[in-house]
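Below is one structure, written out as C-alpha cells, with a few remarks after it.
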Amino acid sequence: SISAMAAMNGVIVALLIQAGVPWPMAFFIGMAIGVVVGTLNSTLANVFNIQPFIATLAVSQICEGIGYILSDGRPIPIRDRSFIGLGTYKIGGILPVPVLILAVFFILCGVVLKRTTFGRKIYIIGGNREAAHLAGIDPKKISTVLYIFSSMIGALAGGILAARMHTGQPTACAGADLDAITAAILGGVALSGGKGDMLGCFIGLMIIQCFNTGLSVIGVSSFWQSVAKGLLLIMALILDYFRMKRMEE
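In my numbering, the protein residues as written are 27 to 275.
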C-alpha cells in the first residue's frame with residue numbers, strides 16, 4: 027500500500043497547507059497518518075492473520091479512495107514556497123534535498139540491517155518465520171515495526187513528492203508499487219524472504235529508473251511503457267526463480 031499511502035498523504039498535506047496549517051505541522055500530521063496506516067496493515071496481518079499481500083492490497087484501495095474523496099479527483103495546488111523548497115531546493119546548487127534524504131535513509135537502513143541485532147532478526151524472520159519463533163524471536167513484533175516504518179516512509183515520500191510537484195495529486199504514485207517490487211527483485215531481494223541488502227536495492231532502483239527514463243527519452247508511448255514494465259517484472263521474477271534454485275542446489 028506504499029504508493030497509495032504516498033499519494034493520499036500528498037493530498038492531505040496539500041489540503042492542510044491550503045487551509046493555513048504551517049507546513050511542518052502538516053508534514054508531521056501526514057507522518058502520523060502513516061503510522062496509523064502501518065498499524066492497520068500490521069493488525070490485519072498479525073492479529074487477524076490475513077495474508078499480508080491481501081491485507082495491504084485492501085488498505086491500498088482504502089488509501090487510494092480516501093485520496094480521491096478528499097481531493098475530488100483533482101490536484102490540490104500548494105503555494106507555500108518554503109514547503110516547495112523541500113522538494114526543489116538544491117544544496118550548494120548541486121545536491122537536491124530529496125536525494126540527500128534518500129541517501130540518508132539508504133545508509134540508515136543498510137546499517138540497521140547489517141550491523142544490528144534487530145537487522146539480523148529481520149533476515150531470520152524473512153528466511154524462516156517458524157524457526158525465528160522457536161529461537162525466541164517474536165515475528166509479529168518485528169513485522170509490526172516494519173509495517174509502521176514502511177508506511178511512514180511512504181508518507182514521507184508522498185509529502186516530498188507533493189513539494190516537488192507543487193500539488194497534492196491522488197494519482198501521483200500510480201504504478202509505483204510494481205516499480206518498487208521490480209527494483210527490489212533486480213537488486214537481489216528474494217520474494218521468499220531472508221535475502222537482499224540496501225546496496226542491491228539501490229542498484230535495482232537505478233536500473234528501473236534508467237529503464238523508465240530511457241523509454242520516455244526514446245519516445246515510447248505510455249501504453250507500451252506499461253507493457254515493457256510488465257515484461258521487466260516478469261524477467262525479474264524469472265531471475266529470482268533461477269537464483270533461488272541455484273542456491274538450493
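Yeah, the Cβ is synthetic: ideal placement off N, Cα and C, and Gly gets one too.
*Met31 and Ala181 closer than 8 Å at C-beta*: yes
*Is it right to say Gln195 is buried, meaning 16 or more other beta carbons lie within 10 angstroms of its own, or is it exposed?*
buried
_I'd like to check one pair, Leu263 with Ala254: are the Cβ atoms closer than 8 Å?_
Taking 8 Å as the Cβ cut-off, Ala254 and Leu263 do not qualify as a contacting pair.
*Within its chain, find whatever has a CB closer than 8 Å to the CB of Ser29; leave out the 5 residues flanking it on each side and keep chain order.*
Only residues of its own chain outside the window of five on either side were considered, and among them Ser86, Gly180, Cys199, Ala200, Gly201, Ala202, Asp203, Ala206 have a CB closer than 8 Å to the CB of Ser29, listed in chain order.
*Opposite Pro103 in the DSSP bridges: which residues?*
Thr193
_If the criterion is Cβ atoms closer than 8 Å, does the pair Gly220 and Tyr149 meet it?_
yes
*Return the chain-ordered list of same chain residues with a C-beta closer than 7 Å to the C-beta of Gly153, the five sequence neighbours on each side being excluded.*
Gly219, Gly220
*Assuming Val39 contacts Ala161 under a Cβ cut-off of 8 Å, what Cβ separation, rounded to an integer in Å, is found between them?*
Not confirmed; about 41 Å, so no contact.
*Between Ala158 and Pro165, what straight-line distance do the alpha-carbon atoms span, to the nearest angstrom?*
7 Å
*For Ile43 versus Ile104, is the C-beta spacing smaller than 8 Å?*
Between Ile43 and Ile104, the C-beta spacing is below 8 Å.
*asked:* Within the continuous alpha helix (DSSP H) that includes Asn67, where are the two ends?
replied: 49–68
*Taking the runs of the alpha helix (DSSP H) that are 4 residues or longer, which of them lie wholly in the stretch 112–171?*
123–141, 143–153, 155–160
*State the CB to CB distance for the pair Lys147 and Ile168, rounded to an integer number of angstroms; the pair is presumed to be in contact (CB under 8 Å).*
6 Å
_How far does the alpha helix (DSSP H) with Ile95 in it extend, from its first residue to its last?_
78–97
*Would you give the residue range spanned by the alpha helix (DSSP H) that Ala32 belongs to?*
28–44
_C-beta contact flag for Cys227 and Ala210 at 8 Å_ = yes
_For Met270, the nearest candidate out of Met232, Gly222, Gln251, Val73 (CA to CA)_ = Gly222
*Which of the three DSSP states, helix, strand or coil, is assigned to Asn72?*
helix
*Glu90, buried or exposed, once every other Cβ within 10 Å from all chains shown has been counted against 16*: buried
*What span of residues does the alpha helix (DSSP H) with Ala198 cover, start to end?*
Per DSSP, Ala198 belongs to no alpha helix (DSSP H) and is neither H nor E.
*asked:* Suppose the cutoff is 6 Å on Cβ atoms and the five residues either side in sequence are ignored; what does the same chain contact list for Ser97 look like?
replied: Val37, Pro196
_In this structure, how does DSSP classify Leu217 when only helix, strand and coil are distinguished?_
coil
*Grab the span of the alpha helix (DSSP H) containing Val243 for me, first residue to last.*
224–243
*Residue range of the alpha helix (DSSP H) that Val253 falls in?*
248–274
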